[in-house]
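For the sequence shown, full-length UniProt numbering assigns the number 1 to the initial residue and increments by one for each residue that follows.
Glycine included, every Cβ here is placed at the ideal spot set by N, Cα and C.
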Amino acid sequence: MTYITPPNSVIPSYIDLIVCEYERPRDWYPLVYEPVFSTYGLEELVFHIGLMNADFSAPAESTRFPLGSIIAIMASVEQQTHQPLLLLIDECVAATTPELQPESALYPLITNKGCLIDSK
Numbered sequence: 001m002t003y004i005t006p007p008n009s010v011i012p013s014y015i016d017l018i019v020c021e022y023e024r025p026r027d028w029y030p031l032v033y034e035p036v037f038s039t040y041g042l043e044e045l046v047f048h049i050g051l052m053n054a055d056f057s058a059p060a061e062s063t064r065f066p067l068g069s070i071i072a073i074m075a076s077v078e079q080q081t082h083q084p085l086l087l088l089i090d091e092c093v094a095a096t097t098p099e100l101q102p103e104s105a106l107y108p109l110i111t112n113k114g115c116l117i118d119s120k
C-alpha cells in the first residue's frame, strides 16, 4: 500500500506491505461438488514487474524514456500450484528516485483502479 499525502499535509507519505489472507476451514468445500482432493492451499505468491523492450522479448536496456515514447510494462504472478490467477494493476507511478520517498517527484501512469493515464 502506498499512501501519498496531499500537499501541505503534516502526515508523511509511506509505503507498507499488506498481506490479505482468509483462513478457510480445512473441511470446507463448495456444495456443488464432492472433491476427492484437498481444496485448501497456502503458499507465498511471487510477483514480477519490469520494463520491457518494444516487442516484449527482453527487459528494457534503459530506464530512461523520452517524453511521448511507448513504455512496455510487464507484470506477472507465478501461478505454481495455485488455481488460475488474474493480475490487475490498480495504480502505477514513475518516480524520480529508485525508492519512493517524500521528496520524490511522481508521475502517474496508471490510476483510478487501472486506468492508463496520458496515453495515446
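query	result
Span of the beta strand (DSSP E) around His48	Phe47 to Met52
Separation of Ile70 from Ile117, as counted between CA atoms	13 Å
C-beta contact flag for Val77 and Phe47 at 8 Å	yes
Identified DSSP bridge partners for Ser76	His48
Under 8 Å between C-beta atoms of Gly114 and Ile73	no
CA-to-CA distance, Pro12 to Ile49, given in whole angstroms	26 Å
For Ala94, the three-state DSSP class (helix, strand or coil)	strand
Enclosing beta strand (DSSP E) for Pro108 [first to last residue]	Leu106 to Thr111
Secondary structure of Leu116, DSSP reduced to three states	strand
Cβ-based neighbour list, Asn53, same chain, cut-off 8 Å, excluding 5 preceding and 5 following	Pro59, Ala60, Glu61 and Ala72
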